[in-house]
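J.: Below you'll find the structure I mean.
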Amino acid sequence: MERNRLSIRDMCFIAIFTALIIAVVPIRIPMPTGVPMTLQTFVIPLAGVVLGSRRGTYSVLVYVLLGAVGLPIFAGPVPGGIGAILGMTGGFILSFPFMAWAAGIGAAKRNVLWLTLWIVIGMAVNFLCGMVQFMIVTGSSLEVAFYGVVLPFLPGDAIKLVLLVVLGPQVRRLLERSGVLV
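Under the working numbering, the first residue of the sequence shown carries the number 4, and numbering increases by one thereafter.
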């Protein structure tokens, strides 16, 4: 059972993963729709797998809040502020904490099938939220949104899924064995 209070160690891990999410923002592939391909959708569920659902979600919430108050740390066309949250990539951004939470839930099962299922659920919610907000902001149809902001991302997300399922638990075990992560 998780403690109610965060320790200094917890806060440090949360800060490290928040910094890691920010660090991968410049690694992106621009897409015609304005929604870029990024490594954030790898690091965010990795936070959940490695830190657990609670700390992983907190690290992503800190990231989202820092961007929402204006730090230019988002990968989309608007790099920070409430405009990014309300813009065409805002649905993706707002669903990031759920991605970390879902991956953390899956990782807690310590079973590759459950981990895979929960990461896929997190990715699906991310796509759904992102697609809906993209449609609302741009006035696009469901078909245009699907072909523009979901379909091109599926091959890369399949690779991210495999890497998360294979590497995520190994990183967590390594940190647990070393006594760094408790």
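The C-beta atom is built at its ideal place from N, Cα and C for all residues, glycine as well.
Can you check whether the CB of G133 is closer than 7 Å to the CB of V152?
T.: Within the sequence shown, numbered from 1, the residue matching residue 152 stands at position 149. Within the sequence shown, numbered from 1, the residue matching residue 133 stands at position 130. Closer than 7 Å, so yes.
J.: Which two residues bound the contiguous alpha helix (DSSP H) that contains R180?
T.: Against the sequence shown, residue 180 aligns to sequence position 177. That run of the alpha helix (DSSP H) goes 157-180.
J.: Per the DSSP calculation, T41 is bridged to which residue(s)?
T.: In the sequence shown, the residue the question calls residue 41 occupies position 38. Answer by DSSP bridge pairing, in chain order: R31.
J.: Which residue wins for smallest C-alpha separation from V50, given the options G59, T44, Q43, L42?
T.: For this step, residue 50 is matched to residue 47 along the sequence shown. Here residue 50 is Ala; the residue named in the question, Val, does not match the sequence. Nearest C-alpha to A50: G59.
J.: Give me the Cα-Cα distance between V67 and G73, rounded to the nearest whole angstrom.
T.: On the sequence shown, residue 67 is found 64 positions in, with the first residue counted as 1. On the sequence shown, residue 73 is found 70 positions in, with the first residue counted as 1. Rounded to whole angstroms, the gap between the alpha carbons of V67 and G73 is 10 Å.
J.: What residue range does the alpha helix (DSSP H) around F16 cover?
T.: One-based indexing of the sequence shown puts residue 16 at position 13. F16 -> alpha helix (DSSP H) spans 11-26.
J.: Kindly indicate which residue of P48, R8, G159 has the alpha-carbon position closest to the one of S98.
T.: To locate residue 98, count along the sequence shown from 1; it is residue 95. Ranking the options by Cα distance to S98, first place goes to P48.
J.: Please give me, in chain order, every unbroken run of the alpha helix (DSSP H) with length at least 4 that falls completely inside the stretch 106-166.
T.: 115-141, 145-152
J.: Quick one: give me the first and last residue of the alpha helix (DSSP H) that R57 is part of.
T.: Looking up residue 57 in the sequence shown gives position 54. Looking at the DSSP string, the run of the alpha helix (DSSP H) that includes R57 is 56-71.
J.: Using a 10 Å radius around the Cβ and a threshold of 16 neighbouring Cβ atoms, would you call N7 buried or exposed?
T.: Within the sequence shown, the letter at position 4 stands for residue 7. N7 should be labelled exposed.
J.: Take the Cβ of S144 as the centre, count every other Cβ of all protein chains shown within 10 Å, and call the residue buried at 16 or more, exposed below.
T.: The residue labelled residue 144 in the question sits at position 141 within the sequence shown. Exposed.
J.: Tell me, to the nearest whole angstrom, how far the beta carbon of M91 is from that of V38; I am working on the premise that it is less than 8 Å.
T.: The sequence position of residue 91 within the sequence shown is 88, counting from 1. The sequence position of residue 38 within the sequence shown is 35, counting from 1. Contact holds; Cβ gap of about 7 Å.
J.: Just to confirm the assignment, what range does the alpha helix (DSSP H) spanning A87 have?
T.: The sequence position of residue 87 within the sequence shown is 84, counting from 1. It spans 85-89 - the alpha helix (DSSP H) in which A87 sits, taken as one unbroken run.
J.: With DSSP run on the structure shown, which of helix, strand or coil describes I47?
T.: Position 44 of the sequence shown, counted from the start, is the residue given in the question as residue 47. Residue state, collapsed to three classes: helix.
J.: Going by C-alpha to C-alpha distance, which of L157, W104, A110 sits closest to R176?
T.: Here residue 176 is taken as the residue at index 173 of the sequence shown, counted from 1. Nearest option by C-alpha distance: A110.
J.: Relative to the C-alpha of V123, which residue among L69, L167, Y150 is closest?
T.: Position 120 of the sequence shown, counted from the first residue, corresponds to residue 123. Cα-wise, what sits closest to V123 is L167.
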